[in-house]
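Asks: For the sequence shown, UniProt numbering begins at 1 and goes up steadily by one.
Even for Gly, the Cβ is constructed at its ideal location relative to N, Cα and C.
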Amino acid sequence: VCKPKKEGGIGLRRSSDCNKAAVMKLIWDLLSEKPSLWVKWSKAEILRGNSFWQMERKQGLSVTWKAILRIRSCVSANLVYSVGPNSSWSLWFDPWLHSTSLVDRLGTRAIYDTGLPREATLSEVIQDSNWSWPSHVWQFLCPFGCGQGETVDHLFFDCAFTKAVWSKVMKMNNCQLPTSWNWNHTAAWAVEHTVGKHFSLWMRRAGQAASVYHCWRERNNRI
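1. Taking the alpha-carbon positions, what's the K34 to K5 distance?
2. Out of L47, V195, A21, which has the shortest C-alpha to C-alpha gap to I71?
3. Rounding to the nearest angstrom, what Cα-Cα distance links V191 and T162 in this structure?
4. Identify which residue in S36, G107, M24 has its Cα closest to the Cα of residue 249.
5. Compute the distance between the beta-carbons of D158 and W183, then report whether it is under 8 Å.
6. Go through its chain and collect everything with a Cβ distance to P85's Cβ below 7 Å, but skip five positions before and after it.
7. Go ahead and label T207 buried or exposed: buried means 16 or more other beta carbons lie within 10 angstroms of its beta carbon, across all protein chains shown.
8. With distances taken Cα to Cα, identify the nearest neighbour of L89 among F199, A160, W53, V212.
9. Just to confirm the assignment, what range does the alpha helix (DSSP H) spanning M24 have?
10. Are C175 and A160 close, meaning C-beta to C-beta below 8 Å?
11. Let me know the alpha helix (DSSP H) ranges lying completely inside the segment 99-179, each 4 residues or longer, listed in chain order.
12. Looking at L155 and R217, is the spacing between their C-beta atoms short of 8 Å?
13. Which residues in the same chain as K3 place their Cβ atom closer than 7 Å to its Cβ, once the five residues preceding and following it in sequence are excluded?
14. If you reduce the DSSP assignment to three classes, tell me which class S90 lands in.
15. If you follow the alpha helix (DSSP H) that S76 is in, where does it begin and where does it stop?
16. Would R57 be called buried (16 or more neighbouring beta carbons within 10 Å of its own) or exposed?
17. Under 8 Å by Cβ, that's how I've got L91 and L116 pegged, so tell me the actual separation to the nearest angstrom.
18. Identify, in the order they occur along the chain, each residue of the same chain with its Cβ nearer than 7 Å to the Cβ of S132, setting aside the five sequence neighbours on each side.
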């Protein structure tokens, strides 16, 4: 009976679909901060300043709120975020990045590392479809304190900090550090000296990949 008439039914809507749509409407009212008594009460008594997306399921919640949290993931998978100058979407807690929040993907440590407040919104870091990070993020000097300009080649190979990392990794793998060492030379060297199934070649590949990864991560932790 719930199928369309052209498929032999009588076009009645399923009660489960109607209930799901009604619950989704409540979620949308909450996210869009609709000026209703229920939204005001929910924000004051249920959320209490916390993010809707990070709220944990508790035994004492009402049937309505249990239903809301049950379909929360379905709602996040179908949201499309539009960032305007007055948007209040949370940078950290709203699932705007491929249906996932930055906190779920990076952890709460990322909030401290960036120096941005927990209450930061998307509109504070995205303006006119471009990133607008704090000025200290965009400093062009090498973050390892050598005073040189930051380029890919300098960051990974010329800086004293990263060069020391490379020297130890190369020594552990019985390789000599070339006098001329940059990104292109690294790729060429890897093709020539790390391809194969022998354990020593595998160690060279692992050492090279780990060095690039951790040097880049340490760089990001310092800015």
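Replies: From the atom records:
1. 36 Å
2. A21
3. 21 Å
4. Missing from the structure shown is residue 249; the chain here goes from 1 to 223 and no further.
5. no
6. S123, listed in sequence order.
7. A quick correction: the sequence has Gly, not Thr, at residue 207. Counting Cβ neighbours within 10 Å, G207 comes out buried, since at least 16 surround it.
8. A small fix is needed here, since residue 89 is Trp in this sequence, not Leu. Answer by Cα proximity: W53.
9. 15-31
10. no
11. 102-106, 109-114, 122-125, 160-172
12. It is not a contact, given that the beta carbons lie outside the stated cut-off.
13. G9
14. strand
15. 72-76
16. exposed
17. 7 Å
18. V125, I126
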